[in-house]
Structure formats: C-alpha cells, structure tokens
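Here's the structure, in structure tokens; my notes come after.
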Amino acid sequence: MGTEVSPPDVILLRSADDPDPYVRAFEAVGFRAVCTPVLAFDFPNEGPLRERLRTPGRYGGVVATSPRVGGALHRIFDDEGTLHTRWEGRPAYAVGPKTGDELRALSFDVRADDAGTAADLVEQIVEEDPDSPLLFLCGNRRRDDLPDGLREARVAFEELVVYETRARESLSLPPPKEGTWLAFFSPSGLEAVRRADTAPLKEYRCAAIGPTTASALEDDGLTPTAVASAPTPRGLVEAILGVSTSRDQR
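Once you know that position 189 of the sequence shown is 191 in the numbering used here, the rest is easy, because the numbers rise by one and skip nothing.
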C-alpha cells in the first residue's frame, strides 16, 4: 500500500516551471507547495505579429504585458530563422520580472520590469520618450490602465492581441486542510476556479500575487489575507509567512 501524501500548505494556481521558483521558495521556509494549472493559452494573430516583427524600424520598442507575450514571440522567432537578430538590443518594456526574463532570453534590451504599477511603467516610458510608436503586445483580457496611461501621456503605440486566455478543462484543486493557502496569480485564474467544480473557496486562505488580483478577490466576495508586495516568489512567501507567523504568535 502506498504512502498517503498529506495536503499541501500552499496551492499555487499556476503552471509549474522546472524547477519551480515558487515551490522552492516555499520549501525553503518549511511549507509544502504544489502548482495547479488553471489556465490554458492560445496564440492567434501569428500572421499579423509576423508582419510587424519583419519591420522593426517602424517601432521604438515593444511593450509586453505578460510572459505569454514572450511565448508568442518565441513561436515566431523559432520559425523565422534570423528574424530575432533584427530585434536584438531593441527596447522592451516588460510588465513584471518573469516577462522581463522571457524577453531577455530573446536578447531584447529589457526595461522597467521592476515597475510596481502600470503608472510607474508609463512614467518610465515617458521619461525615455521613444521616437517611434511602440508595439504593444497583450492578451485578450488585458486591463485598461496601461494603454489608457500611455494615451493620456500621448505615447504612440500600436496594439496587437497575441494570446488568448481560457480556463483549463477538468480543473480540480487538492482538498484543503486547516490553514491551506490558495495563491491566485491573476483575475483570470480566479474566474477559472469559480467555473470549476471545486471545494468552496472560503475553506481556503486566499493570497494574491499583487493588488490587481487582490481587488478581483474582493470584488468576488473573498478576503485576500496575504498580498505580495512584489510579484515574485520572495514577495509571495513573505506575505504568507508574515500572516502565518503573526497567527502562530497569538
């Protein structure tokens, strides 16, 4: 008879990397964490994206709103031989450090991936004052704050949806034990979990990777007990550890 595996301390609603930095960060502080993918992604508009990438001189750089944009670029560059060399060293404004890592792997000159908010990112773009329109690459569920901020600042850009988000089929969550954390990484992840036949979310303690996701939880009637100060493994661990430690000391 096999050994029964105890429920995790933290359920990370994301696809796992190998090795996964979030799982390792939690293990380092004694928490058992598992990744549970909740979203799947499709990549439409490969033709329009390919056309734009063939004319890099038209653009003052790229804005990438998520790591999936990096995936869309990889698909084109892998299929186009030396096309990626024409974008080497060109500016890329990345939303979040993981997006920045994806673009660095493609030899872009990544900027502002440590910006905490859309307003911070817009401010840096305005300071650099690109002399040509930016190629704004995003998903079908992108928020309005970044493009609206660019318009208000009179920064020219050309927007193209390069990936679409949908709920993963046959989604199920590990059963909760007392104090199990459910870590949300996007509002789309919350929507996907809501559509699935899972244990009631109020049986978990909810954590959010940032303020946007925290707001989505609140709008859905849930309390984000921990909110990461930065969208990184360390930020999420510190947020959850801070709450857990304070409770243990009561």
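Beta carbons are placed, not taken as given, at the ideal position from N, Cα and C, and that holds for glycine.
- For Leu137 and Glu166, the gap between their C-alpha atoms comes out near 18 Å.
- Distance between Gly212 and Val97, taken at the CA atoms: about 12 Å.
- In the DSSP annotation of this structure, the continuous segment of the beta strand (DSSP E) that includes Ala96 starts and ends at Pro93 to Ala96.
- Taking a contact to require three or more Cβ pairs closer than 8 Å, the region 23-41 and the region 201-210 do not qualify as touching.
- Beta-bridge pairing by DSSP links Pro226 to Cys208.
- DSSP places Phe33 in the coil class of the three-state scheme, outside both helix and strand.
- For the set Arg26, Thr67 and His76, the Cα lying nearest the Cα of Lys100 is the one of Thr67.
- Measuring C-alpha to C-alpha distances from Gly59 to each of Ser134, Leu85 and Glu82 identifies Ser134 as the nearest.
- When only Cα atoms are considered, Val31 and Pro233 end up about 18 Å apart.
- Taking all protein chains in view, the Cβ of Arg156 is surrounded by fewer than 16 other Cβ atoms within 10 Å, so the residue is classified as exposed.
- If you compare the alpha carbons of Leu162, Ile78 and Ser246 with that of Leu108, the shortest gap goes to Ile78.
- Exclusion of the five residues before and after Ala218 leaves Pro189 and Leu192 as the residues of its chain whose Cβ lies within less than 7 Å of its Cβ.
- Between the region 172-186 and the region 148-155, the count of C-beta pairs closer than 8 Å stays below three; the two stretches do not touch.
- In its chain, beyond the 5 residues on either side, Cys37 have a beta carbon closer than 7 Å to the beta carbon of Asp22.
- Residue pairing of Leu14 in beta bridges, as defined by DSSP: Cys37 and Ala185.
- Here Glu53 is exposed, its C-beta having fewer than 16 other C-beta atoms within 10 Å.
- By the 16-neighbour rule on beta-carbons within 10 angstroms, Thr57 is exposed.
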